[in-house]
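Data block below; observations after.
There are 2 protein chains.
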Amino acid sequence: MEENDDSEIIEHHVNEEMEKKGFRTRHTHLFLESASSSEREGHSSTQSSHRLLAYSDALISIIATVMILPVAHTKIKDDEELKESLQQLLTTKIAVYLMTFLIVTVAWTAHIRLFQVIERIDDCLALLNLACMMLITFLPYTFSLMAAFPKNTLGILLFCTCVIVIGLIQAIIVVYGFSRPFLLNDQIQISENQGFYKRHILKVILRVPLFCFVAIVFSFIFFPLSYVLLAVVIFFPYISQSLKWCRGKAIGQQDETPDSMLFYSYRPNEPLSKERVEAFSDGVYAIVATLLILDICEDNVPDPGEVQRRFGGNLIEALQGFGPEFLAYFGSFATVGLLWFVHHSLFLHVNRTSRLMGLLNTFSLAFVGGLPLAYELTHEFPPNSRNELEAIQISCVIIFFAGVFQLAIWVAALFDERETLHPYVRYGGRDHTFMLAKLALYPCVALATFFVTCALSRFSAMVFHLVQMGVPVAFLLLRLLVRLGLALLRRLLGPAAVPPAHRAPEEDDPRVPFTDMLT
Amino acid sequence: MEENDDSEIIEHHVNEEMEKKGFRTRHTHLFLESASSSEREGHSSTQSSHRLLAYSDALISIIATVMILPVAHTKIKDDEELKESLQQLLTTKIAVYLMTFLIVTVAWTAHIRLFQVIERIDDCLALLNLACMMLITFLPYTFSLMAAFPKNTLGILLFCTCVIVIGLIQAIIVVYGFSRPFLLNDQIQISENQGFYKRHILKVILRVPLFCFVAIVFSFIFFPLSYVLLAVVIFFPYISQSLKWCRGKAIGQQDETPDSMLFYSYRPNEPLSKERVEAFSDGVYAIVATLLILDICEDNVPDPGEVQRRFGGNLIEALQGFGPEFLAYFGSFATVGLLWFVHHSLFLHVNRTSRLMGLLNTFSLAFVGGLPLAYELTHEFPPNSRNELEAIQISCVIIFFAGVFQLAIWVAALFDERETLHPYVRYGGRDHTFMLAKLALYPCVALATFFVTCALSRFSAMVFHLVQMGVPVAFLLLRLLVRLGLALLRRLLGPAAVPPAHRAPEEDDPRVPFTDMLT
Chain A
49 MEENDDSEII EHHVNEEMEK KGFRTRHTHL FLESASSSER EGHSSTQSSH
99 RLLAYSDALI SIIATVMILP VAHTKIKDDE ELKESLQQLL TTKIAVYLMT
149 FLIVTVAWTA HIRLFQVIER IDDCLALLNL ACMMLITFLP YTFSLMAAFP
199 KNTLGILLFC TCVIVIGLIQ AIIVVYGFSR PFLLNDQIQI SENQGFYKRH
249 ILKVILRVPL FCFVAIVFSF IFFPLSYVLL AVVIFFPYIS QSLKWCRGKA
299 IGQQDETPDS MLFYSYRPNE PLSKERVEAF SDGVYAIVAT LLILDICEDN
349 VPDPGEVQRR FGGNLIEALQ GFGPEFLAYF GSFATVGLLW FVHHSLFLHV
399 NRTSRLMGLL NTFSLAFVGG LPLAYELTHE FPPNSRNELE AIQISCVIIF
449 FAGVFQLAIW VAALFDERET LHPYVRYGGR DHTFMLAKLA LYPCVALATF
499 FVTCALSRFS AMVFHLVQMG VPVAFLLLRL LVRLGLALLR RLLGPAAVPP
549 AHRAPEEDDP RVPFTDMLT
Chain B
49 MEENDDSEII EHHVNEEMEK KGFRTRHTHL FLESASSSER EGHSSTQSSH
99 RLLAYSDALI SIIATVMILP VAHTKIKDDE ELKESLQQLL TTKIAVYLMT
149 FLIVTVAWTA HIRLFQVIER IDDCLALLNL ACMMLITFLP YTFSLMAAFP
199 KNTLGILLFC TCVIVIGLIQ AIIVVYGFSR PFLLNDQIQI SENQGFYKRH
249 ILKVILRVPL FCFVAIVFSF IFFPLSYVLL AVVIFFPYIS QSLKWCRGKA
299 IGQQDETPDS MLFYSYRPNE PLSKERVEAF SDGVYAIVAT LLILDICEDN
349 VPDPGEVQRR FGGNLIEALQ GFGPEFLAYF GSFATVGLLW FVHHSLFLHV
399 NRTSRLMGLL NTFSLAFVGG LPLAYELTHE FPPNSRNELE AIQISCVIIF
449 FAGVFQLAIW VAALFDERET LHPYVRYGGR DHTFMLAKLA LYPCVALATF
499 FVTCALSRFS AMVFHLVQMG VPVAFLLLRL LVRLGLALLR RLLGPAAVPP
549 AHRAPEEDDP RVPFTDMLT
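Those protein sequence lines, which keep their order, are chains A and B. Read in my numbering, the first sequence has 344 at position 296, and its numbers run on one by one without any break. Read in my numbering, the second sequence has 322 at position 274, and its numbers run on one by one without any break.
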């Protein structure tokens, strides 16, 4: 509270006066004026939140992918059939990984939503946010405790306490932000409904701690009910939205949600800061790409004494045993790097991210996070064993889904392309085909590798490594290939108009015909 | 090469024509025009390099801090004196960590320098950069191999091969960039000395692979010489610059380096992208803050069977043994978070980062990277043992240096404040004192804790934990304390002019007097 000196309070009052006089009407140029005036206010203690959010994204992305480590480091005995041990893995650790990823990304989405309302920060908010981050990074541990001891109330208690405290800190941030309107989003800053916004946002935020509090109470009485409650907390927005959507489709377009609900509306087309989606994805890709080298740096430097004893001081011989690890590292890095490259290309063409796209991105990232597990598996088994074959097939499945969900982001963007895409990549645009080819490359390659390894069970490892080497080259040649393909198509089809069947059925507004893409 | 279609080549020629006609003179408005014209060129395959660089920063920051893991995970026996085992640690693993950190940051600085020249990218450059990243992330492993087997040529061979390939990829990027001038920095794009730039940059870049090649050759003849060569590679710019500086001071201001040497000049005031310094620092702080929770998530979930057997199913009792780990985690997170907060506040006031500031930042980050080691040590020893006391003192020393180097960044910025700082924090400015107080807080607290633990050897752990809890509160109260302190100072000194002794001696240009700061 001691952060505001008198001059700031005066400026703030002046601002309110201005609002009362002339800012009630919402014209675009007034909007911009207000934006720049609030930028110009020059509170030296008020800061752009950009870097705080980037740091938060980095922290949350590391935490989201961390729970793959206990899965990847699970020791599987060579003689055990992978399928059996996999079942054991699948039921517990992978489920824990996926649920933790989901929970952390839910917390992250709430964080984005909060800082779309509060656009500027000061020292106090920065410290509150760090406290919030500390608790979010502790969530995976409490959750894995809950998963390991499902019948013990302690896990639920710790998890719910964390969630409650996070919710309360967010509520404090909202109250603090609304008490200093120059910190708020410009649109809310000039709105006359500030009180309404504040109540609406607080209601949404405090719903989660309330549910958790009830879950704590039930954990002492009848604990299965608290799990149901926790599941409701996570899926509540989705459930309520799909119910609303179904009702809307059944009864017909009833209530167009008012403009005041732009924030915290939980609709699929609610905007989600593109910058933060990118930063979070970068964090996940970066940590996944380096997880294997972390292990290699720690475990695969042989002990000098042992090298002397077992290999007569011949280091090359000693390192040969680690060969598969290095190959797995380069393969994993190349795959993650290229998936990042596709993601990067995709988001270059995106203007605005919607909530649905963010959700699909989360699914894609959850599979990307599974890659260290896949590569850990591929080098863990003796060559040409049945386990190795299955490990390679699992890798293909993971890569396939990571790629397919990227493709799904693209499709989701196309549904609302006027809002979300740059003009030149809209359906039938110049770069549309090329982008599609880039997105389709990994799913196709993964699928093809999967079937080839099924057929040639003996050479599976060789096929897999060849594919790893080949994909970067494929990306380099892709533009050429697409051009060749289009030229071929043009020759086959001729300059005649393309039958309407070639158009996507869900898009009915007039647009560039397919042939324009070919020329 | 197949990425450029005909229209792009034509545009490119048009650009060259324009350059020949009117762009030779270097007026600022032409500058801006050229900048926007190259933005407007609309190569859909040409992209802003922003996200590529952010991703590279994330990868490099993770890799730089990774080598602290082998140090932190070194098992020290409780009965062993910390000092003895520390000596063993210090001589090998910590040295490896610091050297790896240095090497990786050198590679990172080279990367910054390269992408300050090449400001826009296309798919080909993105893929080349990913290849470069893959090799940079492999450097720590090759280096630790070199450290473990100093007399074996294989380590040197692998390390040098990596560095050579990185250098060659960078050279290819430069050649590729100069063959497509719309990718270049605007200043170079309109310069008539493009050929000169290209040669100068290639010369600087290829010097490193050349040195490494010679080092490889010597590793077969007389290996100590190859280590000397590698050291020269890393410190060459510093050595040559300090020699130049000494000569300049001795003989007098001789040759003002020409403007053409703005890039790759290796002068201490050479600009270093502030955005990237921030992104790299964020990455280091984020990975350091989460390293402990990674361990906790993996190791500290007790086995259900064991809990049943040893603690009769009482989870709380089973977890009590992990108490120190949790305390260490929260303490470590709070310390790293607050050091990040200070760094964030500092860089809010910085307009432009110089090479010297980047170097000091690297030193600060190297100590921050040591924090997981310090906290690992504090919870590893039995309470009130001599080892615990020493571990706490080591923590204090690490925090102290991390803070002091942050302070040094501030001092370095003040030396060239017109270039580097925002007006309101320049020496004597309104927020100058507050910033100074923020920067001084951690070094002071660390120093005070160090001496208190020396005096009260029995309560050292308690003191340390109290300090951990107290520091966030201190940051919240800091503004109030600074204001109180200034008011006190004002009352003591009165409105009289302050004697010139209070001014910093190295700053001789007229500026706001000290009393202005007090009002």
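Cβ atoms here follow ideal geometry from the backbone N, Cα and C, with glycine treated the same way. Keep in mind it's a predicted model, so treat the numbers as computed, not measured.
Supposed close pair residue i, residue j - CB separation, criterion 8 Å
i, j, result
"Asp464 (chain B)", "Ser402 (chain B)", "7 Å"
"Ser192 (chain A)", "Cys345 (chain B)", "6 Å"
"Ala439 (chain A)", "Phe429 (chain A)", "6 Å"
"Ala219 (chain B)", "Leu178 (chain B)", "With a Cβ gap of about 17 Å, Ala219 (chain B) and Leu178 (chain B) do not count as contacting."
"Val332 (chain A)", "Ser109 (chain A)", "5 Å"
"Phe149 (chain A)", "Ala112 (chain A)", "5 Å"
"Phe482 (chain A)", "Arg527 (chain A)", "6 Å"
"His397 (chain B)", "Val473 (chain B)", "4 Å"
"Val511 (chain B)", "Val500 (chain B)", "5 Å"
Opposing strand residues paired with residue i [DSSP bridges]
i, result
"Pro319 (chain B)", "B:Ser402"
"Ile166 (chain A)", "A:Leu232"
"Leu469 (chain A)", "A:Val398"
"Gln95 (chain B)", "B:Ile169"
Where the alpha helix (DSSP H) containing residue i begins and where it ends
i, result
"Val384 (chain B)", "371-396"
"Tyr224 (chain B)", "201-227"
"Lys246 (chain B)", "242-269"
"Pro198 (chain B)", "First-last for Pro198 (chain B): undefined, no H or E at that position."
"Ser443 (chain B)", "434-463"
"Ile364 (chain B)", "363-368"
"Glu354 (chain A)", "352-359"
"Met592 (chain B)", "The structure shown does not extend to residue 592 (chain B), since chain B is modelled only from 49 to 567, so the question has no answer here."
"Ile116 (chain B)", "116-120"
Under 9 Å from the C-beta of residue i: neighbouring residues of chain A
i, result
"His121 (chain B)", "Glu346"
"Phe523 (chain B)", "Asp171, Leu175"
Chain B contact residues for residue i, given Cβ-Cβ distances below 8 Å
i, result
"Gln516 (chain A)", "Simply none; closest approach about 12 Å."
"Trp156 (chain A)", "By Cβ distance, chain B contributes nothing, its closest Cβ being about 14 Å from Trp156 (chain A), past 8 Å."
Contacts that residue i makes with chain B (C-beta to C-beta distance below 9 Å)
i, result
"Ser505 (chain A)", "Chain B residues near Ser505 (chain A): none, gap ~30 Å exceeds 9 Å."
"Trp388 (chain A)", "Tyr103, Leu178"
"Phe381 (chain A)", "Leu178, Met181, Met182, Thr185, Phe186"
"Ala174 (chain A)", "Phe389, His392, Ser393"
Selection from the options that minimises the alpha carbon distance to residue i
i, options, result
"Phe259 (chain B)", "B:Cys208, B:Leu291, B:Pro272, B:Trp388", "B:Cys208"
"Val325 (chain B)", "B:Ser267, B:Thr185, B:Leu408", "B:Leu408"
"Pro372 (chain A)", "A:Pro285, A:Leu340, A:Leu387, A:Pro188", "A:Leu340"
"Trp156 (chain B)", "B:Arg539, B:Phe389, B:Thr185, B:Tyr145", "B:Thr185"
"Gly417 (chain A)", "A:Leu117, A:Cys172, A:Leu107", "A:Leu117"
"Ser427 (chain A)", "A:Phe415, A:Phe230, A:Ser443", "Correcting the residue identity first, residue 427 (chain A) is His in this sequence and not Ser. Of the candidates A:Phe415, A:Phe230, A:Ser443, the one whose C-alpha sits nearest the C-alpha of His427 (chain A) is A:Ser443."
"Leu278 (chain B)", "B:Ser290, B:Gln289, B:Val265", "B:Val265"
"Arg99 (chain B)", "B:Val222, B:Ala366, B:Arg168, B:Met115", "B:Arg168"
"Ala414 (chain B)", "B:Ser104, B:Val152, B:Ser96", "B:Val152"
"Leu469 (chain A)", "A:Ala494, A:Ala496, A:Phe389, A:Met405", "A:Met405"
"Asp343 (chain A)", "A:Phe359, A:Glu424, A:Val384, A:Pro285", "A:Glu424"
"Thr190 (chain B)", "A:Arg538, A:Arg400, A:Leu421, A:Leu363", "A:Leu363"
"Ile221 (chain B)", "B:Gln164, B:Ala196, B:Ile446", "B:Gln164"
"Phe197 (chain A)", "A:Leu175, A:Ser227, A:Gln237, A:Thr140", "A:Thr140"
"Glu318 (chain A)", "A:Phe411, A:Ser96, A:Phe482, A:Ala158", "A:Ala158"
"Asp105 (chain A)", "A:Met194, A:Phe244, A:Leu205, A:Ile335", "A:Ile335"
"Ser412 (chain A)", "A:Arg434, A:Thr383, A:Ala456", "A:Ala456"
Partner residues on chain B for residue i, Cβ-Cβ distance less than 7 Å
i, result
"Ser192 (chain A)", "Cys345, Val349"
heavy atom of the ligand MG below 7 Å from residue i C-beta
i, result
"His513 (chain A)", "With respect to the ligand MG, the structure shown offers nothing to examine, as it has no ligands at all."
Contact set between residue i and chain A, taken where Cβ atoms lie within less than 7 Å
i, result
"Glu424 (chain B)", "Residues of chain A passing the Cβ test: none, with the nearest at roughly 14 Å."
Chain A residues whose Cβ lies nearer than 8 Å to that of residue i
i, result
"Pro188 (chain B)", "Ile341, Cys345"
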